[in-house]
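So for the sequence shown, the numbering used here puts the first residue at 6; every next one is plus one.
Okay, so here's the structure we're looking at.
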Amino acid sequence: MGKVFVDLKKQVDYSYEITIGSGFIRDSLAVYIGEDCFYMVDDKVFNLYESLFPDDRVHRFKADEHNKTYESVVSVLGFLFRCGARRDGKLILVGGGITGDVGGFAAATYMRGIAFVQVPTTLLSMVDSSVGGKTGINFKGAKNNVGAFSQPKQVLIDMDFLKTLPDDEYLNGMAEVIKYGVVYDAEFLEYLYENKDKLLNRDTETLDYVVTCCCRMKADVVKKDEKETGERALLNFGHTFAHAIETDSHHEVKHGFAVAVGMYQETEFAYKNKLADEKTLNDVKRVLTAYGFPITYEIRDREVFFHAMTADKKADKKGLTLAISPSTGTGKLVKNISIEKIRDYYSQI
Ligand SMILES: NC(=O)c1ccc[n+]([C@@H]2O[C@H](COP(=O)([O-])OP(=O)(O)OC[C@H]3O[C@@H](n4cnc5c(N)ncnc54)[C@H](O)[C@@H]3O)[C@@H](O)[C@H]2O)c1
Ligand SMILES: [Zn+2]
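Next comes the structure, spelled out in structure tokens:
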């Protein structure tokens with residue numbers, strides 16, 4: 006029996022740049038209007054910003070969690086195929102996280118992978134989903150369980166898109182912004198508290214600073230742990246409990262609002278189990294309430310709630326892994342947390 010070694014240690018360099026600013030997107034997108042470029046655009050964004058896009062080679066997509074499907078990927082592939090896109094073609098994804106995730110996955114598979122550019126238009130996609138190369142869809146009722154790691158060629162963030170974003174979508178993104186502060190940077194969390202009026206009024210300069218900070222933190226963690234074998238899972242802070250809230254409320258509680266409650270309750274759980282200090286709990290509460298986020302949730306069906314928590318991708322036989330900040334800005338992963346402990350916590354609040 007012989008063996009042959011496939012040496013892949015010399016990795017391809019997938020590095021890319023994130024450009025952040027305002028009022029520049031018209032010029033930047035103009036670079037991508039050519040034979041080799043194809044657009045996938047969130048339908049609402051297309052209607053609001055029609056003049057930014059070319060007359061043809063545009064695939065309009067209704068961004069909706071129910072459309073984050075295999076069928077949507079197939080329709081993007083069909084669009085690329087009909088347009089005659091080749092291996093050197095580029096797909097420009099303009100929209101929120103759903104457009105980016107579905108379009109990125111289509112780009113990752115068309116001709117075994119073509120280049121794509123992320124042009125995020127929601128706060129959430131600017132600070133989180135457009136960076137880091139996680140692409141994918143929901144399959145058989147489970148969220149983001151089919152997909153691929155595939156990094157974009159470039160990310161273009163124009164803050165001007167945020168001017169048309171509905172309030173609840175804006176706050177959805179703000180919950181993720183707060184998450185970065187709790188997990189990575191106490192000073193940044195304080196900045197968010199001090200500048201809440203400017204941020205709630207969507208002041209461009211303040212937003213520019215905040216989005217840049219978040220992208221830096223995200224880029225840093227992706228550099229260390231691209232495929233989420235460890236540290237990248239810190240970005241799931243608040244999301245384990247949030248997932249149960251979203252499921253139990255039949256998604257009536259929107260993601261960011263569920264994450265807000267999740268961040269508070271995971272921290273309170275940690276505090277009660279001597280895994281986090283009281284100041285952290287107070288910091289989390291103070292910032293979340295400053296932005297008007299709720300920090301409590303009335304469980305409708307306990308079985309549904311706890312089942313959703315254990316069905317989470319982060320759970321295994323020994324228990325759950327939670328991202329916890331023992332003190333503000335110092336997130337770490339705590340493994341093997343038993344679901345009984347979590348049930349105990351919920352029976353006492
Ligand atoms: N890939 C990752 O690393 C990652 C990280 C976090 C979240 N996600 C995924 O991101 C998705 C959520 O992303 P999202 O919050 O951006 O949702 P989304 O893409 O559904 O956009 C939210 C809503 O805002 C509208 N919209 C987008 N831009 C607009 C604009 N500029 N003006 C007016 N309306 C606009 C959209 O049409 C949609 O109705 C989830 O599916 C989640 O799983 C992925
Ligand atoms: Zn999230």
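Heads up, the beta-carbon is just placed ideally off N, CA and C, and yes, glycines get one too.
In this text, all values refer to a predicted model and were calculated from it rather than measured experimentally.
Outcome for residue 39 when other beta-carbon atoms lying within 10 angstroms are tallied against a minimum of 16: Sequence index remark: in the sequence shown, residue 39 carries index 34 (1-based). Label assigned to residue 39: exposed.
Spatial distance of residue 170 from residue 247 (CA atoms): The count along the sequence shown starts at 1 and reaches residue 170 at position 165. The count along the sequence shown starts at 1 and reaches residue 247 at position 242. Whole-angstrom Cα-Cα distance: 23 angstroms.
Distance, residue 55 Cα to residue 165 Cα: The residue labelled residue 165 in the question sits at position 160 within the sequence shown. The residue labelled residue 55 in the question sits at position 50 within the sequence shown. Residue 165 and residue 55: Cα-Cα distance of roughly 15 angstroms.
Reduced DSSP category for residue 22 - H, G, I as helix; E, B as strand; rest coil: Looking up residue 22 in the sequence shown gives position 17. Looking at residue 22 - three-state DSSP - the assignment turns out to be strand.
Residues sharing a beta bridge with residue 328, DSSP: Start at 1 with the first residue of the sequence shown, and residue 328 comes out as number 323. DSSP output for residue 328 lists 338 as bridge partner(s).
Uninterrupted beta strand (DSSP E) stretches inside the region 29 to 99 (no shorter than 3 residues): 42 to 47, 63 to 66
Boundaries (first-last residue) of the alpha helix (DSSP H) holding residue 306: On the sequence shown, residue 306 is found 301 positions in, with the first residue counted as 1. Counting along the chain, residue 306 sits inside no alpha helix (DSSP H), nor does DSSP assign it H or E at all.
Residue 181: CB within 7 angstroms of a non-hydrogen atom of ligand 2: Here residue 181 refers to the residue found at position 176 when the sequence shown is read from its first residue. For ligand 2, at least one heavy atom lies less than 7 angstroms from the Cβ of residue 181.
Cβ-heavy atom distance, residue 129 to ligand 1, below 7 angstroms: Stepping through the sequence shown from its first residue, residue 129 is reached at position 124. Result yes, Cβ under 7 angstroms from ligand 1.
Where residue 20 falls, given that 16 or more other Cβ within 10 Å makes a residue buried: Indexing the sequence shown from 1 puts residue 20 at position 15. Exposed, by the Cβ-count rule.
Classification of residue 223 by the beta-carbon crowding that lies within 10 angstroms, buried from 16 upward: On the sequence shown, position 218 is the one that residue 223 refers to. That one is buried.
Same chain, Cβ closer than 8 angstroms to residue 283, neighbours up to 5 away in sequence not counted: In the sequence shown, residue 283 corresponds to position 278, counting from 1. Contacts found: 276.
Which residues DSSP lists as bridging residue 125, in chain order: Stepping through the sequence shown from its first residue, residue 125 is reached at position 120. Bridge partners of residue 125: 100.
Nearest candidate by alpha-carbon position, reference residue 43, set 52, 86, 75, 245: Here residue 43 is taken as the residue at index 38 of the sequence shown, counted from 1. Nearest option by C-alpha distance: 86.
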